Each structure stands twice: as structure tokens, then as C-alpha cells.
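Residues in the sequence shown are numbered from 6 upward in steps of one, following the working numbering.
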Amino acid sequence: MASATFVTLASALVESMGQKLDAARPTDEGLTLRTSDGFLYAFLEDPNTISLDTIRHLIGVEGNVLVRLVVLTPGHLPLAFSEEISKHGGTVVEGSRFAELARQLGLETYLGEEPRPPPKEARRLLPSAQQLDGVVHRARTWLDWGVPALALRFYRQAVELKPGFLPAKVGMGRSLLALGLLDDADRLFDEVLSARPEDVEARLGKAAVLGARAQPKEEIATYRKLLAEDDRRADVRAHLLAALIDVGDWAGARKEIEALLASTPEEPQLRFLHSEALVRTGDKAKGFEERAEARRLGLTYEREVALCKHLGMPPPEPPVSAPTAEEVPSEAPVKAPTAPVRKGRSARSTAPSKPSRPRAHLPTKVPRPEGTKSTASRKRK
């Protein structure tokens, strides 16, 4: 049976998020809560006591009534369990992110920690403005972290605090889009545009809905129209680039990549995409040079693998390290160790990469905006 302390923490988390409950039920593993907006929150104290049957029961509970499952635990679920939840459209908040959620909501004492002092900026705000600012910050953080279920909850809380607050409504639309609830997202973007027709974020959201509905030509046309109005918007250009790559228009993508590189020439992810655009438009030699430059600027092997996987490319060869002293035969002279190099490539700097700014240059999960699926994926369906 879950401890009383954990059940109390779970209840406090839900209350602090402003959730309206339809039902709450203590379980052997923790606490299960169903909310009025169709989410099932399952708080699991110790993942080591959970079976796959428990997860499948949570996924299938209440039949068609359940919209989305959100599993929250201070531990770490086995990978197979997390994949099962994600496969069915659920969300997992575990480990350090679970602890961060408690800290964001001022519940550090349940974790055995001292309360955080309020940020200096917040001390200059009125209490109501300070509360709204904190809620919106939490919403943006969770959306950036790829947890739209929690982002949606906090954006809704912001709208409850300040009805008619358009940035929060746009955030709600983006969260719903990321959850695959396209009609709900589209209605919210329309609501924002009816009050502020020139709102760029809402227009970007409408374009992303078109992409998610397998209308890439209309999506691209919307981005081009926005750029025609203001060609300095790097975020709009990044969305356009994502859509062009998605439909396989590498000539158009090359043009947009080079426009972005004019202002951010040392962005390694852009240099990687530029290398691929060069190769696919016939300039292979320059493309290979550009790939090497991306690595020199700090593109990690892991990030390169992720980008290749997203683009349907074979992964690069893993880096080859120099043999250690223990691996060298005793009769052979021991040479001074050399710096690790990639097989078949020139050595590059091992300096850590600079943290990227997803919205300033390119979406973090290159290259689709949140909540959209690739055209190829949609066609398969």
C-alpha cells in the first residue's frame, strides 16, 4: 500500500494545479484521479512494484471515457512500460521531473527540501500578476519539455486566473495540438484570431493544424504569407523549413536554411541540415564538408543519430576510442594515448556544444513544430 505521505503529496499536486476531479481512488501503488476534462492521473510511488498488467489496466480503464493517461512517479518506470504508455497516447512524468513539478508548485517540503525563495523579478509584481506569471512559466516549461498534458493544465489555470488572456489560449491550442486533439486546437486558434486577427502565434497554430490534417501545401502557403509580411521572423522560417523537409522539398529547404544561417552561422543543427540539403541537391562534396563543420561546431554523436533517424537516414558510424593501456599487449611498447577520433573522419573539437535555443533558430525536435506529424506518417495511416 502506498504511504500516507505520498498520497498526501499526490493530492496536493492535483489541488495546486487547479484540477477539477470527477473521481479519486487510493490504490496499492498510490493514487488514481480522473479529472473533468478527461484525463486520468495515476500517481505511482514505487515503479519496482508495478507490473505491465497494471499499466495496461490504467490505459484501458473507463473504456472510451478516458482521453489521456498521465503517469507520475518519483522513480523510473521500466522502458517497456514507458513505451506502452506512449504508444497509447499517454504521458510519463518521472524522476527529476516529478520532483521539479513538486518544487514548481511550492511542495518542496514533501520532498524533504527547504522552500525555494521567490525569484527577484516576481517580488516586484502584484500578487495576482505574480501568480499568473508563475503559472504561465510552468505551462511553457512543460510544453518545451514535451509534456503537453501538464502544459494544458497550467494554461487552463492561467485562463481561469485571467479570462481572455490570449497568450494562454494560444498555449492551450498548442498543447491540444500536441495531444492530437486537432478540432479543439483549431477552435481555440480561431477564438484568438477573432479577437486579434494579426496574432502570429495563433496563425502559426492554424498552419500546424493544416499540416496535421495532411494539407501540407496549405500549411506551407500560410508560412510563406507570414514571411512575406515580416521576413525577420526566424520562428516562422523555422516552421516553413520543417514543412518543406517534411514534404521532401530540399531545394526550398536549402534556401530557408541558408537564410537562417545568415544570422546564426555557428548553429550546429542548421549546419547539419545544410549538409543534407547540399547532398540532396547535387553538391555532395560541399555537403560532406558541411557535415564535418557541424561536428566541429559541437554537434554531438547522439544528436546526429537523432537527426538522421528523424530524416530517415542511416546513422553515422560511432566514434572509435583509442585503446587503453590495459588493452595494449605487454610486450608492445605503450604509446602515449591519442585523442578519440571518428572512424573515417577528421578529428574534431571535443568541447561541449552550446545549448540551442529551439524557438529562436529551429524547433528542438527537428524539424516539425509541436503537435504535428510528418506527411509520410499521415499517408501511412
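In this text, a Cβ means the ideal position worked out from N, Cα and C, and glycines have one as well. From a predicted model like this one, the values you see are computed outputs, not experimental measurements.
Item: Quick check: the Cα distance between Glu206 and Leu275, rounded to an integer number of angstroms?; Value: 23 Å
Item: Taking all protein chains shown into account, do 16 or more other C-beta atoms lie within 10 angstroms of the C-beta of Lys222, making it buried, or fewer, making it exposed?; Value: exposed
Item: When you compare the CB positions of Ala258 and Leu246, do they come within less than 8 Å of one another, or not?; Value: yes
Item: Does the contact criterion of 3 or more C-beta pairs under 8 Å hold for the segment 190-205 versus the segment 149-165?; Value: no
Item: Helix or strand or just coil, what does DSSP make of Val76?; Value: strand
Item: Straight-line CA distance for Ser335 to Asp251?; Value: Because the pLDDT of Ser335 is 49, which lies under 50, any placement of that residue in the model is unreliable, and the question is left without a value.
Item: Our contact map puts Val152 next to Thr227 with C-beta atoms below 8 Å; I'd like the distance itself, whole angstroms only.; Value: Incorrect: roughly 27 Å between the Cβ atoms, too far for contact.
Item: How about Gly80 and Gly100: do their beta carbons lie closer than 8 Å?; Value: yes
Item: How big is the Cα-Cα spacing for Pro168 and Thr146?; Value: 21 Å
Item: Return the CA-CA distance between Pro202 and Glu113, expressed in angstroms with no decimal places.; Value: 42 Å
Item: Beta carbon of Thr59, beta carbon of Glu34: below 8 Å?; Value: yes
Item: Where DSSP assigns a beta bridge to Phe170, which residues make up the other side?; Value: DSSP lists no partner for Phe170.
Item: Please check the pair Leu57 and Leu74, which I expect to be a contact at CB under 8 Å, by giving their CB distance rounded to whole angstroms.; Value: 14 Å between Cβ atoms; not a contact.
Item: Within 10 angstroms of the Cβ of Glu261, are there 16 or more other Cβ atoms? Answer buried if so, exposed if not.; Value: buried
Item: Could you tell me which of Gln136, Ala213, Glu165 and Arg179 sits nearest to Ala156, measuring between CA atoms?; Value: Arg179
Item: Please say whether Glu224 and Ala248 have beta carbons closer to each other than 8 Å?; Value: yes
Item: If you run the structure through DSSP and keep just helix, strand and coil, what is Gly35?; Value: strand
Item: Would you list, in sequence order, the uninterrupted alpha helix (DSSP H) runs of no fewer than 4 residues that lie entirely inside the segment 161-233?; Value: 171-183, 187-200 and 205-217
Item: CB-CB under 6 Å to Gly317, same chain, minus the five flanking residues each way: which ones, in chain order?; Value: none
Item: CB-CB under 6 Å to Thr37, same chain, minus the five flanking residues each way: which ones, in chain order?; Value: Arg30 and Ala47
Item: Rounded C-beta distance between Leu82 and Pro52? I'm assuming under 8 Å.; Value: 5 Å
Item: Return the chain-ordered list of same chain residues with a C-beta closer than 8 Å to the C-beta of Ser358, the five sequence neighbours on each side being excluded.; Value: Because Ser358 sits at a pLDDT of 42, beneath the cut-off of 50, its placement in the model cannot be relied upon, and the following sentence gives the value as read from the coordinates. Here the set comprises Pro273, Leu302, Gly303, Leu304, Thr305 and Arg308.
Item: Beta-carbon separation of Leu166 and Val140 under 8 Å?; Value: yes
Item: Do Leu49 and Val76 have their C-beta atoms closer together than 8 Å?; Value: yes
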